[in-house]
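Q: From first to last, the protein sequence lines are chains A and B.
Per my numbering, the very first residue in the first sequence carries number 58; after that it's consecutive.
Per my numbering, the very first residue in the second sequence carries number 8; after that it's consecutive.
Positions of the beta carbon are idealized from the N, C-alpha and C atoms, including for glycine.
Note that this is a predicted model, so its numbers are computed, not measured.
This is the structure I have questions about; it appears just below.
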Amino acid sequence: MIDQAMLDAAAASIVEQDKDKAEQVAREAVEKGLDPLAMISDGFTVGITRVGDLFDRGELFLPELIICSEIMKGVTEILNASIPAEDKKAGAKVLIATVEGDVHDIGKGIVVSLFNAHGFEVLDLGRDVPTMKIIEKAEEFGAQVIGTSALLTSTMEGQKKLEEALRKEGLRDKYKTIVGGAPVTERWAKRIGADAYAEDANDGVKKAFALLQ
Amino acid sequence: MKGFTFLTTEEVVKVHDATLQILENIGVSSSSEKFKELLLSNGCKEENGRIKLPADIVNKFLQKAPSTFKMRRRDDEPDLEIGARIGYSQICSGTPHVLDLETGKRRSYRLKDLEDLTRLGDALPNIDIVSCGVPTDVDEHGYMTTEVATMLRNTSKPARVPIESTVELPYIKELLALIAGGMDEFRENPFLYLEVSPLSPLDFAGLPADAIIELAQAGIPTGLIPCNMMGATGPMSLIGAVAQQNAEVVTGIVAAQMVNPGLPVIMSPRVTFIDMKSGAGLWAAPEVGLAGACSIQLAQHYNIPVSVSAFSVASKVPDQQSGYERCFNYICATLAGCDIYAAAGSLDNALIACYGQLVIDSEIASMGKRITRKIEVTDEALAVDVIAEVVNSKSSFLEQKHTRKFLRAGELWAPQISDRSTFAHWNEKGESIAQKARNTAADLLKTREPIMEPAAEKEIDRIIQSARK
Numbered sequence: 058m059i060d061q062a063m064l065d066a067a068a069a070s071i072v073e074q075d076k077d078k079a080e081q082v083a084r085e086a087v088e089k090g091l092d093p094l095a096m097i098s099d100g101f102t103v104g105i106t107r108v109g110d111l112f113d114r115g116e117l118f119l120p121e122l123i124i125c126s127e128i129m130k131g132v133t134e135i136l137n138a139s140i141p142a143e144d145k146k147a148g149a150k151v152l153i154a155t156v157e158g159d160v161h162d163i164g165k166g167i168v169v170s171l172f173n174a175h176g177f178e179v180l181d182l183g184r185d186v187p188t189m190k191i192i193e194k195a196e197e198f199g200a201q202v203i204g205t206s207a208l209l210t211s212t213m214e215g216q217k218k219l220e221e222a223l224r225k226e227g228l229r230d231k232y233k234t235i236v237g238g239a240p241v242t243e244r245w246a247k248r249i250g251a252d253a254y255a256e257d258a259n260d261g262v263k264k265a266f267a268l269l270q
Numbered sequence: 008m009k010g011f012t013f014l015t016t017e018e019v020v021k022v023h024d025a026t027l028q029i030l031e032n033i034g035v036s037s038s039s040e041k042f043k044e045l046l047l048s049n050g051c052k053e054e055n056g057r058i059k060l061p062a063d064i065v066n067k068f069l070q071k072a073p074s075t076f077k078m079r080r081r082d083d084e085p086d087l088e089i090g091a092r093i094g095y096s097q098i099c100s101g102t103p104h105v106l107d108l109e110t111g112k113r114r115s116y117r118l119k120d121l122e123d124l125t126r127l128g129d130a131l132p133n134i135d136i137v138s139c140g141v142p143t144d145v146d147e148h149g150y151m152t153t154e155v156a157t158m159l160r161n162t163s164k165p166a167r168v169p170i171e172s173t174v175e176l177p178y179i180k181e182l183l184a185l186i187a188g189g190m191d192e193f194r195e196n197p198f199l200y201l202e203v204s205p206l207s208p209l210d211f212a213g214l215p216a217d218a219i220i221e222l223a224q225a226g227i228p229t230g231l232i233p234c235n236m237m238g239a240t241g242p243m244s245l246i247g248a249v250a251q252q253n254a255e256v257v258t259g260i261v262a263a264q265m266v267n268p269g270l271p272v273i274m275s276p277r278v279t280f281i282d283m284k285s286g287a288g289l290w291a292a293p294e295v296g297l298a299g300a301c302s303i304q305l306a307q308h309y310n311i312p313v314s315v316s317a318f319s320v321a322s323k324v325p326d327q328q329s330g331y332e333r334c335f336n337y338i339c340a341t342l343a344g345c346d347i348y349a350a351a352g353s354l355d356n357a358l359i360a361c362y363g364q365l366v367i368d369s370e371i372a373s374m375g376k377r378i379t380r381k382i383e384v385t386d387e388a389l390a391v392d393v394i395a396e397v398v399n400s401k402s403s404f405l406e407q408k409h410t411r412k413f414l415r416a417g418e419l420w421a422p423q424i425s426d427r428s429t430f431a432h433w434n435e436k437g438e439s440i441a442q443k444a445r446n447t448a449a450d451l452l453k454t455r456e457p458i459m460e461p462a463a464e465k466e467i468d469r470i471i472q473s474a475r476k
């Protein structure tokens, strides 16, 4: 059993956006040989879930959400290193990328943070990512959801190409696809055969939860 | 009207100095070899993969940009004098949605909307420049050619298109040459300008960077339109975001002038921000208006034409919120003394186009023109003798010739759609301005005047077809 004070300190460090404290708690847990999975699920995750709630209620600003998500990522890495391979449990996995030819990614960064805050395991491929690379990485990562963003009318085509390529490779049913970006619409999502259209980051998380149920 | 100043002269110079520091010490990045080569061969330096622009080079090429240029109307109306701070209103671009004219509900923007909104803009007296949304029913091939052609065949007013690359430039040039009677004629009397977006912070992606060069080579008036977002792709402080944005615009202008000295250019900074509680991009009041006003003062400092997003709002329908938001953004630009007020007819942070709102914006623009008209302080206008005459004769001003003369000369602003009748008269219909504007839009769209000759129409079809291949 882990001391409740230790779990509370873990949760609080995330809510308080205190990177040093969070890493110190994580290292202390590793040194004491505490169960890393329990430290994550009963400690730090309690904090990040609270952060997600606060953000959803409009009480936390985006830059604060992002720093909490970064801290969470850091402590998870520290604790993950001491989890025996056979005990590793994966959360829902989401791959996110801005499509080929498109170099805009600030909106995608927000989506990544929000997915992290909601307990998803996220692989962010960055911007200007070729279609086949998205598929290759999704296979490697074992993603359940592929989210793509396009900010330009000329690059939206990349979302269509992804759908076509997934169908061609016989992988379409393996993934749920979500599309987003300023010029992207529900109509576009339907037209290309994506599973969902997300209007903003919050909507993306909601759609991902709905698709995975 | 003398421009209302938000910043003192010293403060404007300070922002300019910050701009020079950004360009000289931080520099810009670009994945375009052509763009890098252009800057380097004109005195800029490369350090750690970034191109640094020395202050003397920036100042030298900024001076080559013309302070004014004309945009031709293809009918008998006077040309637009860009740079004269007259304040022209321009339809919003980039809208993927529209409020349906009949149902009032949001749906995807289609090519027919581009056609109709262009025709509506053509019919509205205070909408001066048309632009295009994002039609969702147009094939990706020949997309821009279709947009440009659709606008030019539905209005004789000038048009503006933001472009992402120059893939379709040959076809657009063909269209311009066809309508102007040759590219030389177009360059002499342009009726279209194209805009390119640097990527904040301080990056010029490959295709847009190449576009700056190719537009300058083609002699097409070019706007530089970065859209940084305070706290996300620019500093959280408003003036910091303005300075960074200015550095991006200035770099584009300097590059264009290096290619083609004297090319007509427009500074089109768009400092926006995000809702820090949701991440949604906001083009809302009052910061968009305030940042726009500061950018206008910088453009005036350089003596280069400027456009800002004056009509943009966060409201989703043409309601009271839409009214007060756009008025705050618009009035900042108006008081500062702007050339082009962008985003007319838009809602939801430039994501929705709205027919009725465009009618209302034409009304707002006409009020803006009244506000910026110079107040002539002459003996005749001061009317001391008229006051004496009325007082001494115990009559009223109603009988005075002075009254008739000033009235006829337009001393009072004349509304097009605003209701200023008595309550009883208004109550007969009891219509809101949003309903009235929508009805006005529907009425204006009933009549259709052909803009082009049938032979030219046929030729345009051919150009669109070749672009689609």
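DSSP on Glu361/B, reduced to helix/strand/coil?
A: In the sequence as presented, Glu is not what sits at residue 361/B; that position holds Cys. DSSP places Cys361/B in strand when its eight states are reduced to three.
Q: With burial defined as no fewer than 16 other Cβ atoms inside 10 Å of the residue's Cβ, what is the status of Glu406/B: buried or exposed?
A: exposed
Q: If we ignore side chains and look at the alpha-carbon of each, how far apart do Val203/B and Gln327/B end up?
A: 33 Å
Q: Name, please, each residue of chain A whose Cβ falls closer than 8 Å to the Cβ of Ile359/B.
A: Simply none; closest approach about 11 Å.
Q: Name the DSSP beta bridge partners of Ser206/A, please?
A: Looking at the DSSP output, Ser206/A bridges to Thr155/A and Gly237/A.
Q: Since I believe Arg167/B is in contact with Gln97/B (beta carbons under 8 Å), could you give me their beta-carbon distance rounded to a whole number of angstroms?
A: 6 Å
Q: What are the start and end residues of the beta strand (DSSP E) that includes Gly230/B?
A: Thr229 to Leu231
Q: List the residues of chain B whose Cβ lies closer than 8 Å to the Cβ of Ala258/A, in chain order.
A: Ser285 and Gly286
Q: Would you list, in chain order, the members of the segment 130–155 of chain B that have their beta-carbon closer than 8 Å to a beta-carbon of chain A?
A: Val141, Thr143, Glu147 and Tyr150
Q: So, is the C-beta of Leu13/A closer than 8 Å to a C-beta in chain B?
A: Any property of residue 13/A remains undetermined from this structure, which presents chain A solely from 58 to 270.
Q: At which residues does the beta strand (DSSP E) containing Asp181/A begin and terminate?
A: Glu178 to Asp181
Q: Under the rule that 16 or more other beta-carbon atoms within 10 Å means buried, what is Glu84/B, buried or exposed?
A: exposed
Q: For a quick check, are the C-beta atoms of Leu228/A and Ile192/A less than 8 Å apart?
A: yes
Q: Do you know whose CA, among Ala207/A, Leu223/A, Ala66/A and Leu269/A, lies nearest Lys194/A's CA?
A: Leu223/A
Q: If you reduce the DSSP assignment to three classes, tell me which class His104/B lands in.
A: strand
Q: Once DSSP output is grouped into helix, strand and coil, what is the label at Ile98/B?
A: Strand, per DSSP.
Q: DSSP on Ile136/B, reduced to helix/strand/coil?
A: strand
Q: If the cut is a Cβ gap below 8 Å, which residues of chain B does Glu214/A touch?
A: Glu147
Q: Please confirm whether Ile98/B has its beta-carbon closer than 8 Å to some beta-carbon of chain A.
A: no
Q: Using DSSP's beta-bridge definition, name the partner residues of Ile281/B.
A: Gly288/B
Q: Tell me where the beta strand (DSSP E) around Tyr200/B begins and ends.
A: Leu199 to Val203
Q: Any idea what DSSP makes of Val384/B, helix, strand or coil?
A: coil
Q: Name the DSSP beta bridge partners of Phe68/B, please?
A: Answer is none; Phe68/B lacks a bridge partner.
Q: Under a CB-based cut-off of 8 Å, is Ile163/A close to chain B?
A: At a cut-off of 8 Å between beta carbons, Ile163/A contacts chain B.
Q: Select from the segment 166–181 of chain B all residues with a C-beta closer than 7 Å to any C-beta belonging to chain A, and list them in chain order.
A: Glu171 and Ser172
Q: Against Leu209/A, what residues of chain B qualify as contacts under a CB-to-CB distance less than 8 Å, listed in chain order?
A: Glu171
Q: When we look at the beta-carbon of Thr15/B and count the other beta-carbons within 10 Å, is it buried (16 or more) or exposed?
A: exposed
Q: Output needed for Val249/B: all residues of its chain with C-beta closer than 8 Å, excluding positions within five of it in sequence on either side, in chain order.
A: Taken in chain order, the residues that qualify are Val22, Pro276, Val278, Ala298, Cys301, Ser302 and Leu305.
Q: Any Cβ of chain A within less than 8 Å of the Cβ of Leu206/B?
A: yes
Q: Which ranges does the beta strand (DSSP E) cover as unbroken runs of at least 3 residues, wholly within the segment 159–242 of chain B, from first to last along the chain?
A: Within the segment 159–242 of chain B, the complete beta strand (DSSP E) runs of at least 3 residues are 166–169, 199–203 and 229–231.
Q: Looking only at its chain, what residues have a beta carbon closer than 8 Å to the beta carbon of Cys345/B, apart from the 5 residues adjacent to it on each side?
A: Arg92, Gly94, Gly299, Ile303, Val313, Ser314, Val315 and Ala317
Q: Classify Met213/A as helix, strand or coil using the three-state DSSP reduction.
A: Three-state result, Met213/A: coil.
Q: Are at least three pairs of beta-carbons, each pair with one atom in the segment 348–364 of chain B and one in the segment 283–290 of chain B, less than 8 Å apart?
A: yes
Q: Do you know whose CA, among Leu269/A, Ile163/A and Glu196/A, lies nearest Gly241/B's CA?
A: Ile163/A
Q: Over what stretch of residues does the alpha helix (DSSP H) that includes Leu268/A continue unbroken?
A: Ala258 to Leu269
Q: Cα separation between Gly375/B and Ile273/B?
A: Gly375/B and Ile273/B: Cα-Cα distance of roughly 21 Å.
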